[in-house]
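If you use the numbering used here, the sequence shown corresponds to residues 368 to 826, in order.
Each residue gets a CB set at the ideal place from its N, CA and C atoms; glycine is no exception.
As the structure is a computational prediction, the values presented were derived from the model and not from experiment.
For reference, the structure discussed in these notes is given below.
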Amino acid sequence: MHTLPITLDYTLRDLYSIDSEDDPNNVLIYYPLQFGHNHEGASAKFAYEYRVEDDSEDAASSLTMAANMVPQRYAFSAGKMPLVILDFPSKESDSEIQPDCERKGPLPLHQIDIHRTFAQLQHHQRPAVSFAKSPDSIELGLNAKIAVLLPTDCLTHLPHLTCPETHYEILSKRGLAMSGLPTPPSRVIDTILIDSEDPTLLAEETTRMTESIDQHALPFMVKLPQSISGMGTFAITSEAERAHVKAMLQTQLGSMLRQLNHSNHHLYPCSIVLQDFVSGPVVALSLFVTKTGSPIFIACCEQLFDDHSHWIGGSISYAQQAHFQTTFSALVDKIAAFLHRKGYHGPAGVDIVTDTRTGEQMVIDLNVRVTGTFHLGPLRGHFTSRGLGEVAMTTGDFFCSRDLFEGVFADEIQRGSLIVSGWVHGEGAKSHAAITVGAGDVGELQEFLARVRAAGLPN
Numbered sequence: 368m369h370t371l372p373i374t375l376d377y378t379l380r381d382l383y384s385i386d387s388e389d390d391p392n393n394v395l396i397y398y399p400l401q402f403g404h405n406h407e408g409a410s411a412k413f414a415y416e417y418r419v420e421d422d423s424e425d426a427a428s429s430l431t432m433a434a435n436m437v438p439q440r441y442a443f444s445a446g447k448m449p450l451v452i453l454d455f456p457s458k459e460s461d462s463e464i465q466p467d468c469e470r471k472g473p474l475p476l477h478q479i480d481i482h483r484t485f486a487q488l489q490h491h492q493r494p495a496v497s498f499a500k501s502p503d504s505i506e507l508g509l510n511a512k513i514a515v516l517l518p519t520d521c522l523t524h525l526p527h528l529t530c531p532e533t534h535y536e537i538l539s540k541r542g543l544a545m546s547g548l549p550t551p552p553s554r555v556i557d558t559i560l561i562d563s564e565d566p567t568l569l570a571e572e573t574t575r576m577t578e579s580i581d582q583h584a585l586p587f588m589v590k591l592p593q594s595i596s597g598m599g600t601f602a603i604t605s606e607a608e609r610a611h612v613k614a615m616l617q618t619q620l621g622s623m624l625r626q627l628n629h630s631n632h633h634l635y636p637c638s639i640v641l642q643d644f645v646s647g648p649v650v651a652l653s654l655f656v657t658k659t660g661s662p663i664f665i666a667c668c669e670q671l672f673d674d675h676s677h678w679i680g681g682s683i684s685y686a687q688q689a690h691f692q693t694t695f696s697a698l699v700d701k702i703a704a705f706l707h708r709k710g711y712h713g714p715a716g717v718d719i720v721t722d723t724r725t726g727e728q729m730v731i732d733l734n735v736r737v738t739g740t741f742h743l744g745p746l747r748g749h750f751t752s753r754g755l756g757e758v759a760m761t762t763g764d765f766f767c768s769r770d771l772f773e774g775v776f777a778d779e780i781q782r783g784s785l786i787v788s789g790w791v792h793g794e795g796a797k798s799h800a801a802i803t804v805g806a807g808d809v810g811e812l813q814e815f816l817a818r819v820r821a822a823g824l825p826n
């Protein structure tokens with residue numbers, strides 16, 4: 368019977384070593400914005416504005432837990448690389464915020480969750496985790512550079528693998544629309560303001576920028592410049608949706624414009640992109656761009672979304688990977704060349720739609736960072752050696768403890784068909800988790816996912 372530990376086919380560290388004469392000297396800091404270390408407010412250079420349509424306390428709790436799980440989920444396939452996790456004050460005790468090596472007693476629960484996730488991996492493939500009290504307390508080795516998911520003001524004092532301003536640009540929906548890569552026809556609406564607190568000017572500018580939503584033919588997409596997991600992207604397929612999104616953006620854009628200042632105006636943090644809707648199958652492809660600009664195919668997945676069109680995971684069919692690699696090779700080459708010209712070296716994800724009418728492949732999203740389904744590439748051997756060719760990762764709230772969940776699926780965990788790729792305990796019985804499961808065919812996979820989700824339902 369197969370048992371832990373899990374062996375990855377390769378890791379992010381292995382990929383960073385390709386086309387490089389020296390061992391990679393990179394430090395991962397997968398910093399989620401919701402952690403609250405960004406205290407710059409209106410003076411922030413790197414502005415982000417995410418909003419969940421459900422503003423309830425329960426939704427906010429879920430979003431916070433999802434943010435806390437970011438380092439686990441995104442670093443699962445990192446390999447033997449330093450991973451710095453910005454610790455955050457717990458409600459129990461601020462004294463718990465200490466580097467791992469300084470702890471005298473038991474670790475706080477959120478740190479146990481992190482170590483427990485990485486302990487499933489072979490020892491030589493686990494990230495070297497450390498905890499920092501604040502961004503200012505992070506110390507790097509000689510010539511080390513940090514790799515991040517998103518550039519943030521609180522980390523700009525540290526040397527980056529990619530220039531933060533460039534990274535912000537190539538992450539943005541505006542940057543993609545202006546990239547020269549094949550995309551659906553897009554219209555970019557930039558603000559004419561530079562820095563204003565005048566409520567009259569802000570209201571006038573909001574009206575000017577949103578009135579174009581009334582003029583665009585249905586169906587189409589409205590995209591804010593920086594969005595993640597589907598937040599900040601809106602599909603407009605009816606007049607009712609047009610009115611709803613316009614009304615919502617009139618409020619949200621006002622908040623975004625208040626983040627505009629002289630330090631970030633040239634980064635276009637407040638633009639709107641209107642994009643024609645293209646009908647056709649969509650895939651999420653993960654790749655790695657080497658130091659010399661060569662693309663390495665990682666995985667091609669189908670994305671999973673919830674009822675609010677927010678990303679909650681993805682599925683992969685390993686038997687189809689060779690076909691996808693060949694099918695999208697020319698487009699992937701263009702994407703890698705674009706990122707290389709921008710000075711980017713590392714993982715990236717691209718959402719590709721193939722036009723049903725013309726067969727043209729177009730980029731509808733470019734996530735220049737490690738993606739949520741990146742780990743499904745390195746896990747291929749783990750699953751296929753067990754006869755499991757259909758695999759999915761799903762995230763969501765679970766109303767049970769990790770111990771209880773792992774007890775229910777003890778046999779599947781031992782057989783290697785279920786992996787807990789991230790778990791965060793919240794208040795009370797509520798948790799947030801990322802679960803990766805494998806099956807022999809699509810039908811079995813759907814049944815497995817249904818069992819996983821049912822196990823997390825409240826009693």
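Less than 8 Å between the C-beta atoms of residue i and residue j, yes or no?
i: G446; j: D376; result: no
i: Q728; j: P549; result: yes
i: I513; j: Y711; result: no
i: L453; j: A499; result: yes
i: L516; j: G713; result: no
i: T577; j: K613; result: yes
i: T725; j: A666; result: no
i: M598; j: H707; result: no
i: T657; j: D386; result: yes
Nearest-angstrom Cα distance between residue i and residue j?
i: S429; j: V437; result: 13 Å
i: T751; j: F655; result: 22 Å
i: T573; j: G621; result: 6 Å
i: S653; j: D732; result: 12 Å
i: G748; j: D808; result: 16 Å
i: A442; j: E571; result: 44 Å
i: V791; j: D581; result: 42 Å
i: R818; j: K412; result: 45 Å
i: S798; j: T723; result: 40 Å
i: Y383; j: A602; result: 36 Å
i: I561; j: C637; result: 10 Å
i: Y635; j: I559; result: 10 Å
i: P518; j: H534; result: 7 Å
i: F766; j: T431; result: 16 Å
i: V640; j: R483; result: 42 Å
i: P825; j: D770; result: 16 Å
i: H629; j: S410; result: 9 Å
i: S684; j: H742; result: 14 Å
i: V555; j: R575; result: 13 Å
i: I481; j: A607; result: 44 Å
i: L812; j: E773; result: 18 Å
i: F815; j: S605; result: 35 Å
i: S504; j: F695; result: 43 Å
i: L525; j: S501; result: 13 Å
i: E779; j: P449; result: 30 Å
i: H632; j: Q593; result: 14 Å
Can you tell me whether residue i is helix, strand or coil according to DSSP?
i: F695; result: coil
i: N393; result: strand
i: H792; result: strand
i: R818; result: helix
i: A433; result: helix
i: A689; result: helix
i: S653; result: strand
i: L823; result: Checking the displayed sequence, the identity of residue 823 turns out to be Gly instead of Leu. G823: coil per DSSP, three-state reduction.
i: E388; result: coil
i: H490; result: helix
i: F664; result: strand
i: A442; result: coil
i: F672; result: strand
i: T717; result: A small correction: the amino acid at residue 717 is Val; Thr does not occupy that position in the sequence shown. Looking at V717 - three-state DSSP - the assignment turns out to be strand.
i: T803; result: strand
i: Q626; result: coil
i: R724; result: coil
Report the CB separation of residue i from residue j in whole angstroms; it is logged as a contact under 8 Å.
i: P531; j: L395; result: Between L395 and P531 the Cβ distance is about 15 Å, and since that is not below 8 Å, they are no contact.
i: L698; j: E416; result: The pair is not a contact, with the Cβ atoms about 30 Å apart (cut-off 8 Å).
i: Q487; j: L624; result: Rounded, the Cβ-Cβ distance is 45 Å, inconsistent with contact.
i: L671; j: T761; result: 6 Å
i: E669; j: V650; result: 7 Å
i: R326; j: G793; result: Residue 326 lies beyond the range of the chain shown here (368 to 826); nothing can be said about it.
i: V804; j: V775; result: That pair is no contact at about 13 Å.
i: I679; j: G789; result: No, I679 and G789 are not in contact; Cβ-Cβ is about 13 Å, not under 8 Å.
i: G744; j: A704; result: Contact doesn't hold; Cβ gap of about 21 Å is too wide.
i: L522; j: Y398; result: 7 Å
Can you find a heavy atom of the ligand FAD that lies under 7 Å from the Cβ of residue i?
i: A544; result: You won't find the ligand FAD in this model; it holds no ligand whatsoever.
Please confirm whether residue i has its beta-carbon closer than 8 Å to some beta-carbon of chain D.
i: L379; result: Absent from the structure: chain D. Only one protein chain is present.
- Item | Minimum length 3: unbroken beta strand (DSSP E) runs contained in the region 556-614 | 587-595 and 598-603
- Item | Runs of beta strand (DSSP E) wholly within the region 499-534 (minimum 3 residues, chain order) | 512-515
- Within the region 727-773, note down every full alpha helix (DSSP H) run reaching 4 residues or more, in order along the chain. 747-751
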